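Accompanying notes for the structure given below.
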Amino acid sequence: MDCLFCKIINREIPADIVFEDDEIIAFNDISPTAPTHQLIIPKKHVATLNDIDEEDLALIGRLQFTAARLAKQQGFAEDGYRVVMNCNEKGGQTVYHIHMHLLGGRQFTWPAG
Ligand code: 5GP
Ligand code: ZN
Numbered sequence: 313m314d315c316l317f318c319k320i321i322n323r324e325i326p327a328d329i330v331f332e333d334d335e336i337i338a339f340n341d342i343s344p345t346a347p348t349h350q351l352i353i354p355k356k357h358v359a360t361l362n363d364i365d366e367e368d369l370a371l372i373g374r375l376q377f378t379a380a381r382l383a384k385q386q387g388f389a390e391d392g393y394r395v396v397m398n399c400n401e402k403g404g405q406t407v408y409h410i411h412m413h414l415l416g417g418r419q420f421t422w423p424a425g
């Protein structure tokens, strides 16, 4: 399958991996938009949020749990951080293997930036 993130999982292309277990891998974003910008992904290939099955619900919870754990380990959990999942073109998704962005280390604003 020609999927960039599956290739990272399979070590076909390099990445700066910060966490891995049987179901999940997390690595630094190649083009960070915050002092910490990591991507937390399931090892199972799921293209978009619209493709999550009932059987994947625990896995999605583990993505969020892993984001919080990484934020705590890196010392910005109490200050605050942002998690983002983009879906399809208008949501800004560019890699079609679901991923949670973990952004920390600066002030974020809402609704933009
Ligand atoms: P999306 O726009 O789909 O929500 O996020 C995709 C993210 O993947 C972007 O933040 C982009 O910088 C990151 N990205 C794209 N290609 C690579 C790569 O080869 N390695 C890593 N580590 N991140 C990548
Ligand atoms: Zn994939």
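Heads up: the sequence shown is residues 313 to 425, going by my numbering.
Backbone N, C-alpha and C define an ideal beta-carbon position, used for all residues, glycine too.
None of the values given here were measured: they were computed from a predicted structure.
Sheet register partners of residue i (DSSP bridge)
i      : result
His349 : Leu415
Asn340 : Gln350
Glu401 : Answer is none; Glu401 lacks a bridge partner.
Tyr393 : Gly416
Same chain, Cβ closer than 8 angstroms to residue i, neighbours up to 5 away in sequence not counted
i      : result
Phe388 : Thr348, Gly416, Gly417
Ile321 : Ile337, Ile353, Lys355
Proximity test, residue i beta-carbon vs the ligand ZN heavy atom, cut-off 7 angstroms
i      : result
Met412 : no
Phe339 : no
His409 : yes
Beta carbon proximity, residue i to chain D, threshold 8 angstroms
i      : result
Leu351 : The structure shown has no chain D; it contains just one protein chain.
Which of helix, strand or coil DSSP assigns to residue i
i      : result
Phe331 : strand
Asn362 : helix
Cys318 : helix
Glu367 : helix
Gly373 : helix
Cβ-based neighbour list, residue i, same chain, cut-off 7 angstroms, excluding 5 preceding and 5 following
i      : result
Thr378 : Phe331, Ile336, Ala338, Ile352
Leu382 : Val330, Phe331, Ala338, Gln350, Leu414
Heavy atom of the ligand 5GP within 7 angstroms of residue i beta-carbon
i      : result
Ala424 : no
Ala380 : no
Ala327 : yes
Own chain partners of residue i with C-beta closer than 6 angstroms, once the 5 adjacent residues on each side are dropped
i      : result
Pro326 : none
Met313 : none
Lys319 : Ile325
Exposure label - residue i; buried when at least 16 CB within 10 Å
i      : result
Leu369 : exposed
Ile410 : buried
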